[in-house]
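Peer 1: Residue numbers (the working numbering): 722 to 1168.
Every residue, glycine too, gets a C-beta built ideally from N, C-alpha and C.
One structure, pasted below without further comment.
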Amino acid sequence: MVTTPEQDFVLKTIESRDVHFVRFWFTDVLGNMKSFAVVPGELEAAFENGMGFDASCIEGFSAVSESDMLAFPDPSTFQVLPWRPQANAVARMICNIRTPEGAPYEGDPRSVLDRMVRKAAEMGYAFVVGPELEYFYFEDAQGTEVLDRGSYFDLTSLDSASDLRRDTVLTLEKMGIPVEYSHHEKGPSQHEIDLRSADALSMADAVMTYKQVVKEIAMKHGVYASFMPKPMADAPGNGMHVHQSLTDLDGNNVFFDENDPSGYNLSATAKSYIAGLLKYAPEYTLVTNQYVNSYKRLRPGGEAPTCISWGARNRATLVRIPGYRPRSEAACRVELRSPDPAANPYLAFAVMLAAGLAGIEEGLELMAPVDDAAPLGCSRHEHRARGIATLPESLGEAVELFAESTLMREVLGEHIHSYLVRAKRAEWEAYQGIVTPWELERDLAVL
């Protein structure tokens, strides 16, 4: 049986590192990690023919009558799991899901992102992303008892999770995921670890790994980590701000233009891309903010955006232009501030890219910035009075805007689009009939 160099590296590493089990990772439509274990003797066959499994058991996958699917491991994602014993070690590979006929499965979120990345490449672009994921540490999974009362960048006894963050960063680096920095966030017991920017598919894999590592290290220390968008009413929510840019196929940043007359150093391509993010935001918000709880974060009074606008200084805008190094091509990017870390990163990155590329294809003109026109904390009514559109106010509103979106149906495919409409309508209707205390909503979202 012929193997590629990457596959050969995996097989040799398994032998040299005493790996006895390889876990095949993939996500369901909602972004929940799924896995099954394979013994090393099955890997050569898995590389060539995939490993069969019952997809009818996976949320958003096939019906019982069409349940046979194949998981094909991507050898470039092979890593030994550092939190497992190194004797009789366990490794993982992330999989692409295919049909028995060998075609990419339309319900596989990784395939959706891969398809959009390929479209960008056909247009001459590579999509680079750098997400900032926030999360909370709690005493356990049954409540919201915090570990500290720290705030932004605290480095004192208040930040009792310094060791947790350190162990998490070291574990991520052992798995080949470079970290830019980590720090205490604004809320009590709230933290952030930022990953170094990379191509979108690699980064989506890294985000799923990051979330798993954070939870594993927290459990090792006897606490619970939550990526729920808004676990506490009186504390900030968890965001996943996504920094993004396009490069040409030679690696040059096509967003950068030092001669930009507006002074933002943004090219015409970048401006049309931003215009696409803004135009289609109401339609893709269901994907970037997919739970009832997500809309408790997207409310006036905090730094999470509610208005569909852009700017540089104003952190209330949906899209912000970071100004740390304004004349640097390498640093030129845009930051989408609405997503939260409960989103499926494969689908979230796919719809962002689709919206931006649509803006370029349609030649959209970028509206004026609102650096001074939309102060932090404005209500939706106040935004609209200024002529500024707003994001959906609830999961129910987001579902209906998504359901009518031609772009979302094209990007995600009919299978995922129709599943999300059905599932999220049902979730919203169920929520309408109950009063859920904050401390119990964490169970509702299972985050």
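Could you spell out the range, first to last residue, of the beta strand (DSSP E) harbouring I779?
Peer 2: No beta strand (DSSP E) contains I779, which DSSP labels as neither H nor E.
Peer 1: With a 10 Å radius around its C-beta and 16 neighbouring C-beta atoms as the bar for buried, classify K992 as buried or exposed.
Peer 2: So K992 ends up on the buried side.
Peer 1: Would the beta-carbon of Y1067 fall within 8 Å of that of L834?
Peer 2: Yes, Cβ-Cβ distance for Y1067 and L834 is below 8 Å.
Peer 1: Let me check one thing: in DSSP terms, what residues is Q728 bridge-paired to?
Peer 2: Answer is none; Q728 lacks a bridge partner.
Peer 1: Which ranges does the alpha helix (DSSP H) cover as unbroken runs of at least 4 residues, wholly within the region 838-900, from first to last along the chain?
Peer 2: Here the runs fully enclosed are 883-895.
Peer 1: Where are the beta strand (DSSP E) runs, 3 residues long or more, that stay fully inside the region 1115-1154, in chain order?
Peer 2: None, since the region 1115-1154 contains no complete beta strand (DSSP E) of that length.
Peer 1: If L1087 sits next to V963, beta carbons under 8 Å apart, how far is it from one beta carbon to the other, in whole angstroms?
Peer 2: Their Cβ separation, rounded to whole angstroms, is 19 Å, which puts L1087 and V963 out of contact at 8 Å.
Peer 1: Taking 7 Å as the limit between beta carbons, can you name the residues of its chain near D749, skipping five residues before and five after?
Peer 2: Cβ within range, chain order: K755, I779, E780, G781, F782.
Peer 1: Report buried or exposed for E979, applying the criterion of at least 16 other Cβ atoms within 10 angstroms of its Cβ.
Peer 2: Answer is exposed; the Cβ neighbour count stays below 16.
Peer 1: Compute the Euclidean distance between the alpha carbons of Y1152 and Y856, then round it to the nearest angstrom.
Peer 2: Straight-line Cα distance between these residues: approximately 24 Å.
Peer 1: Using the rule of at least 16 other Cβ atoms within 10 Å of the residue's Cβ for burial, across every protein chain shown, is G1080 buried or exposed?
Peer 2: So G1080 ends up on the buried side.
Peer 1: Below 8 Å CB to CB, which residues in the same chain sit around Y692 once its five sequence neighbours on both sides are set aside?
Peer 2: Nothing in the structure corresponds to residue 692, since the chain is present only between 722 and 1168.
Peer 1: Say whether the region 767-775 touches the region 840-849, bearing in mind that this needs 3 or more beta-carbon pairs closer than 8 Å, one atom from each stretch.
Peer 2: Segments in contact, no.
Peer 1: The alpha helix (DSSP H) spanning N770 covers which residue range?
Peer 2: Run containing N770: 764-770, per the alpha helix (DSSP H) assignment.
Peer 1: When the Cα atoms are used, what is the spatial distance from A956 to E727?
Peer 2: About 46 Å.
Peer 1: If you follow the beta strand (DSSP E) that P794 is in, where does it begin and where does it stop?
Peer 2: Element bounds for P794: 789-794.
Peer 1: Give me the Cα-Cα distance between T968 and E1103, rounded to the nearest whole angstrom.
Peer 2: Roughly 37 Å between the two C-alpha positions.
Peer 1: If you check the beta carbons only, do C859 and S910 fall under 8 Å apart?
Peer 2: One detail in the question is off: residue 859 reads as Phe in this sequence, not Cys. Contact: yes.
Peer 1: Looking at the structure shown, is S1059 part of a helix, part of a strand, or coil, going by DSSP?
Peer 2: Three-state DSSP puts S1059 in coil, outside helix and strand.
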